[in-house]
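Taken in sequence, the protein lines are chains F and W.
Position in the first sequence (from 1) plus 429 gives the number in my numbering.
Position in the second sequence (from 1) plus 429 gives the number in my numbering.
Yeah, the Cβ is synthetic: ideal placement off N, Cα and C, and Gly gets one too.
Working notes, beginning with the structure itself.
Number of protein chains: 2
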Amino acid sequence: MRRTRFDRWPCPIARATDLIGDWWTPIILRNAFAGQKRFDEFQESLGVSRAILTNRLNRLVKEGLMEKVAYSERPARYEYRLTEKGLDFWQVLAAMWRWGEDWLWKDGRAPVKLIDRETGADIHPEVIDSNTGKKLDIRQTSVALRKRGKKSASPTMKEGHL
Amino acid sequence: MRRTRFDRWPCPIARATDLIGDWWTPIILRNAFAGQKRFDEFQESLGVSRAILTNRLNRLVKEGLMEKVAYSERPARYEYRLTEKGLDFWQVLAAMWRWGEDWLWKDGRAPVKLIDRETGADIHPEVIDSNTGKKLDIRQTSVALRKRGKKSASPTMKEGHL
DNA sequence: TTACTAAGTTCAACAACAGAACTCAATCTC
DNA sequence: GAGATTGAGTTCTGTTGTTGAACTTAGTAA
């Protein structure tokens, strides 16, 4: 009766969801992107239970999004740093940022914005198809099976339109 | 001792996480994008508990990502359709798709891909800044408070670099 | 010697999830 | 017209996961 796992499903969205599909993981990553590194720093700024924080950081390390690095030998002290894999996850958080600021403020606008560190210009994340440079349109998008693909773990991802 | 809620936090990522920060919601939305509409269709293809499915669909309706529409009066039968707000969420799932296919297949590639429904060309989601057209770079990105912003609910989102 | 710090671990109460069975109104099948 | 089927749920029982507080441990500072 364990939590259902998606990490062997043949769909990238399902596998990504398995990894970050809980309340704390995306928020912890957000704070890591904001420069936080230490256990107590995460714990105090978020108010998360220490047991859960331990669990989530361990998972992020095991999955390669963060690495645990000693910044002091004696006493032994560690910090958590984003890896390349973790840094690349910024695209997902940025897409969430964009959707969130577009849709989740009923009255007024979000009190924060993303800016370019050098020019100060506003940054508006947008998801495009890199082949055409155009904004994604679901109505034009389908899922296809790759040729010579490996057998897909159940449940099968069917071809078809999105 | 309720689950910690983020829906009043001043950060778009936190609010979005509150909405989709569980294992089933993104997967249900994925299937909705794949064209599924009915309760039993979701239930059978995902194997999710009916109680949880009811709960998640209700939440998605309450938050405006889906709408419950009667497709038959007698007997009363309903289907769930993505709204504009729900359709726009595709950018987030697409970003997850891209990150997932780039990082979550150790051996080989994901067995599925996104293609353009008309041309059949591969689609590669990518997150850019719509002002510059360039790929996002976290090392160049900061968070800024908007001028004249409303008081921020705790915890405070600080200015600073990401 | 006592207090403090960082990074956890342990614990009890409670909430959420899984899987199966049950409900209910209407329609189809024999 | 009796019984089975369908769609869309609700209810139930037993685990598993989350919360918040207290405790641990090794080393340092006062």
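Quick one: does F/Ile457 have its CB under 8 Å from some CB of chain W? One-based indexing of the first sequence puts residue 457 of chain F at position 28. Not an interface residue.
Identity of the residue in F/Tyr500, F/Ala539, F/Phe468, F/Asp531 nearest W/Lys576 by Cα: Sequence index remark: in the second sequence, residue 576 of chain W carries index 147 (1-based). For the residues F/Tyr500, F/Ala539, F/Phe468, F/Asp531, the minimum Cα distance to W/Lys576 belongs to F/Ala539.
Proximal residues to F/Lys579 (C-beta, below 8 Å), its chain only, five neighbours per side dropped: Sequence index remark: in the first sequence, residue 579 of chain F carries index 150 (1-based). Unreliable placement is indicated for F/Lys579, whose pLDDT of 38 sits below 50; the coordinate value is still reported in the next sentence. Excluding positions up to five away in sequence, the list is empty.
Is there a Cβ from chain F that is less than 8 Å from the Cβ of W/Thr512? By 1-based counting over the second sequence, the position of residue 512 of chain W is 83. Answer no: the Cβ-Cβ gap between W/Thr512 and chain F never drops below 8 Å.
Rounded C-alpha distance that separates F/Lys564 from F/Ile557: To locate residue 564 of chain F, count along the first sequence from 1; it is residue 135. To locate residue 557 of chain F, count along the first sequence from 1; it is residue 128. Cα-Cα distance, rounded: 4 Å.
Give a yes or no on whether 8 Å exceeds the smallest Cβ distance from F/Val490 to chain W. Working through the first sequence from its first residue, we reach residue 490 of chain F at position 61. Output row for F/Val490: interface = no.
Strictly under 8 Å for the Cβ-Cβ distance: is F/Phe468 near chain W by that measure? As a position in the first sequence, residue 468 of chain F is number 39, starting the count at 1. Not an interface residue.
Here's a check: name, in chain order, each residue in its chain whose Cβ is nearer than 8 Å to the Cβ of F/Ala524, leaving out the five neighbours to either side. In the first sequence, counting from the first residue as 1, residue 524 of chain F sits at position 95. Excluding residues within five positions, the ones whose Cβ falls inside 8 Å are Pro554, Val556.
Whole angstroms are fine: how far does the CA of F/Ile449 sit from the CA of W/Thr446? Reading the second sequence from its first residue, position 17 is the one you call residue 446 of chain W. Reading the first sequence from its first residue, position 20 is the one you call residue 449 of chain F. Near 10 Å, if we compare the C-alpha coordinates of F/Ile449 and W/Thr446.
Tell me which residue opens and which closes the alpha helix (DSSP H) that W/Arg488 is part of. Taking the first residue of the second sequence as 1, we reach residue 488 of chain W at position 59. Taken as a continuous stretch (DSSP letters only), the alpha helix (DSSP H) holding W/Arg488 covers 479–491.
Could you tell me the boundaries of the alpha helix (DSSP H) in which W/Ser525 lies? Here residue 525 of chain W corresponds to residue number 96 of the second sequence, with the count starting at 1. Per the sequence shown, the amino acid found at residue 525 of chain W is Met instead of Ser. 519–532 is the extent of the alpha helix (DSSP H) around W/Met525.
Does DSSP classify F/Arg506 as helix, strand or coil? For this step, residue 506 of chain F is matched to residue 77 along the first sequence. Three-state DSSP puts F/Arg506 in a strand.
Along the chain, where does the beta strand (DSSP E) containing F/Ser571 start, and where does it finish? Your numbering for residue 571 of chain F matches position 142 in the first sequence. Segment 570–574, the beta strand (DSSP E) holding F/Ser571.
Shorter than 8 Å from the beta carbon of W/Gln472 to some beta carbon of chain F? As a first step, residue 472 of chain W must be located in the second sequence, where it is residue number 43. No - not a single Cβ of chain F is within 8 Å of the one on W/Gln472.
Please decide whether W/Glu496 counts as near chain F, where near means a Cβ-Cβ distance under 8 Å. On the second sequence, position 67 is the one that residue 496 of chain W refers to. No, no contact with chain F.
In angstroms, rounded to a whole number, what distance separates the CA positions of F/Ala461 and F/Leu511? Position 32 of the first sequence, counted from the first residue, corresponds to residue 461 of chain F. Position 82 of the first sequence, counted from the first residue, corresponds to residue 511 of chain F. Computed Cα separation, rounded: 7 Å.
Rounded to a whole number of angstroms, what is the C-alpha to C-alpha distance between W/Trp532 and F/Leu494? Here residue 532 of chain W refers to the residue found at position 103 of the second sequence. Here residue 494 of chain F refers to the residue found at position 65 of the first sequence. Taking the straight line joining both Cα atoms gives about 10 Å.
Taking the alpha-carbon of F/Lys491 as reference, which of F/Lys514, F/Ala463, F/Arg479, F/Glu502 has the nearest alpha-carbon? By one-based count along the first sequence, residue 491 of chain F stands at place 62. Closest by alpha carbon: F/Lys514.
Among F/Ile481, F/Gly549, F/Gln465, F/Asp451, nearest to W/Asn560 - alpha-carbon criterion: Taking the first residue of the second sequence as 1, we reach residue 560 of chain W at position 131. Comparing Cα positions, the closest option is F/Gly549.
Using 10 angstroms around the beta-carbon of F/Arg568, count the other beta-carbons present and answer buried if the total reaches 16, otherwise exposed. Within the first sequence, residue 568 of chain F is the residue found at index 139, counting from 1. So F/Arg568 ends up on the exposed side.
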